[in-house]
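Report on one structure; see the data block that follows.
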Amino acid sequence: MSRKPSYTSFITLTAFLLGILFIYTASSKLMHLGIFELRLERMPQLSPIAHWIAWLIPFTELVIAGLLLIPKYRLAGMYASLILLGIFTGYIILVLQTSDSVPCSCGGVLSALGWRDHILLNACFMAMSLIAIILNTKQNRNKILDKHTT
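Using the numbering used here, read the sequence shown as starting at 36 and increasing by one per residue.
What follows is the structure in structure tokens.
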């Protein structure tokens with residue numbers, strides 16, 4: 036009998052780390068909501084909808100964290116993480132290319148990172164999400180194959 040590899044540990048660790056990241060960033064934004072909204076208003080592209088974004092982003096981060104922490108919805112959380120991190124990273128790159136000053140709207144430990152470091156951190160989390168999605172798909176495929184061969 037051949038033993039199929041289990042990727043559960045990596046998938047679970049990735050979900051846990053992403054969950055912590057999103058809970059931390061959402062909490063930081065909500066604890067300093069006025070400052071977060073003010074910083075968003077300084078970005079010309081977001082100024083007209085800064086109030087809505089100030090609430091939407093942390094809410095979305097908390098929903099994604101919830102998806103990641105519930106095994107049944109973990110894969111959806113991985114996809115959502117990859118998309119949100121991709122959007123944010125793309126936005127950072129766009130702002131860096133088109134603006135003279137880039138106001139930071141992150142808090143706590145993350146605010147100590149430079150923008151290039153922030154992009155690198157996001158890229159690492161995006162890579163982890165993508166690998167976890169691939170491993171999850173492979174693991175599910177193996178489970179289906181095992182059911183058909185027994």
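Even for Gly, the Cβ is constructed at its ideal location relative to N, Cα and C. Please read these numbers as outputs of a predicted model, since none were measured by experiment.
*Taking just the CA atoms, how far does residue 86 sit from residue 105?*
30 Å
*asked:* Tell me the residue span of the alpha helix (DSSP H) that contains residue 126.
replied: 109-133
_So, at 8 Å on beta carbons, what are the nonlocal neighbours of residue 154 in its own chain, with the 5 sequence-adjacent residues on each side left out?_
So the list reads 124, 127 and 128, once near-sequence residues are dropped.
*With C-beta atoms as the reference, is residue 164 less than 7 Å away from residue 102?*
no
*What does a CB cutoff of less than 6 Å around residue 49 pick up in its chain, not counting 5 residues either side in sequence?*
The answer, listed in chain order, is 163 and 167.
*Mind checking whether residue 99 and residue 115 have CB atoms under 7 Å apart?*
yes
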